[in-house]
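Visitor: Every letter in the sequence shown is one number past the one before it in numbering that gives the first Met the number 0, and letter 227, counting from 1, is 226.
All C-beta atoms, glycine included, are put in the ideal place defined by N, C-alpha and C.
Structure in structure tokens, see below.
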Amino acid sequence: MQSPVDQDITAVATARWATAHDARLSEIMQALVRHLHGFAREVRLTEPEWAAAMTWLARTGQISDAKRAEFILASDVLGLSMLVVEMNHDRDPGATPATVLGPFHIEGSPALPYGADMADGIGGIPLYITGVVRDISGRSVDGAVLDVWQADAHGIYEGQLDAEETRLRAKYTSQPGGAYCVRTIAPLGYSIPMDGPVGELISRTDISHYRPAHIHFLITAPGCQPLVTHLFEEGAPYLDSDVVFSTKSDLVVEFERHPPGPTPDGGSSDAPWLRAHYDFVLQQAATH
Ligand code: BEZ
Ligand code: FE
């Protein structure tokens, strides 16, 4: 009897995984075996290298928990997360581009009214984000929910602190006519977590481990596809080297500087403030 190594081990392993009961799982597993074997052959993977890879994967699992998604971070820095986003959002050229969700989104943010302050006393330069939510045909979308979250002026998210209180995240609803207004503070760009297996690997390269300053949005509205995206500050460091490949020129907006005085929410600021203006364009929900 011939053992699998006497035969073409790739063909034998592929045929075994083709027996998966679900047709899609069978397709995925066969392709995975083919590409993994092809990769090992291409680099002539040695046994110590294979063992190092197994240890790295095990440590990536061990450091992960409800607050830390090290495998997703690995996917992000390899460009896989953004590739999957792009393949799955066949985008009308007029629609706002989608990006990765990232690890810092927290469910259940509080609903705030038009123009309310989601920074609620956290220090930083006041920032108003204003615009209209539309659909691809140009109609304004009323009642869209904009779930917004961001890092603070030091580049830290709520999820990275033992915070008892909600921090720099809220849900806003677009008004009749589609207008929205978020009041917050300017975020700072930040480093991805570098104290784990992903960081160790990155520190053996010349890859920049920073993300440019940005604010995250998850926008949902009846009849429209949900949109996960970011807005980036024009001129911010690291726009050209975002470690998770999510910067798109369509998502870079000017943070206009304004002197103390009237603000877009109808109020007034004693301090200089910033304004970012952006109209989100949602795609129609798939009809099948
Ligand atoms: C973020 O923007 O929050 C993020 C995305 C991917 C990896 C790390 C952070
Ligand atoms: Fe972020």
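With hydrogens ignored, establish whether the beta-carbon of Pro102 is closer than 7 Å to any heavy atom of the ligand BEZ.
Guide: Within the cutoff, so yes.
Visitor: Whole-angstrom Cβ separation of Leu72 and Pro192, contact assumed at under 8 Å?
Guide: Contact holds; Cβ gap of about 7 Å.
Visitor: Does DSSP put His276 in a helix, in a strand, or in coil?
Guide: His276 falls in the strand class under three-state DSSP.
Visitor: Tell whether a beta-carbon distance below 8 Å holds between Thr228 and Thr45.
Guide: Their beta carbons are not under 8 Å apart, which means Thr228 does not touch Thr45 by this criterion.
Visitor: Which residues in the same chain as Gln283 place their Cβ atom closer than 8 Å to its Cβ, once the five residues preceding and following it in sequence are excluded?
Guide: Around Gln283: Asp134, Ile135, Gly222, Cys223 and Gln224.
Visitor: Counting only runs of 3+ residues fully inside the region 119-196, write out the beta strand (DSSP E) ranges in chain order.
Guide: Counting only runs of 3 or more, we get 125-134, 144-149, 168-172 and 178-184.
Visitor: Is there at least one non-hydrogen atom of the ligand FE closer than 7 Å to the beta-carbon of Ala150?
Guide: Yes, the ligand FE has a heavy atom inside 7 Å of this Cβ.
Visitor: Using beta-carbon positions only, say whether Thr291 and Phe279 come within less than 8 Å of one another.
Guide: This structure cannot speak to residue 291, because the chain is shown only from 0 to 287.
Visitor: By the three-class DSSP mapping on this structure, what secondary structure does Thr228 have?
Guide: Here Thr228 sits in strand by DSSP.
Visitor: Rounded to the nearest angstrom, how far is the Cβ of Gly154 from that of Gly188, given a contact under 8 Å?
Guide: Right, the Cβ-Cβ distance comes to about 6 Å (below 8 Å), so this counts as a contact.
Visitor: Relative to the alpha-carbon of Lys66, which residue among Asp89, Met86 and Pro102 has its alpha-carbon at the smallest distance?
Guide: The shortest Cα separation from Lys66 among Asp89, Met86 and Pro102 belongs to Pro102.
Visitor: Tell me which same chain residues have a C-beta within less than 6 Å of the C-beta of Pro261, skipping the five on either side of it?
Guide: Closer than 6 Å at the Cβ level, and outside the excluded window around Pro261, lie Ser267.
Visitor: Output needed for Ser241: all residues of its chain with C-beta closer than 7 Å, excluding positions within five of it in sequence on either side, in chain order.
Guide: The sequence given here has Asp at residue 241, not Ser. The residues are Arg210 and Pro211.
Visitor: Just verifying my parser: in three-state terms, what is the DSSP assignment at Gly260?
Guide: In the structure shown, Gly260 sits in a strand (DSSP, three-state: E or B).
Visitor: Does the Cβ of Ala22 have 16 or more other Cβ atoms within 10 Å, making it buried, or fewer, making it exposed?
Guide: Classification for Ala22: exposed.
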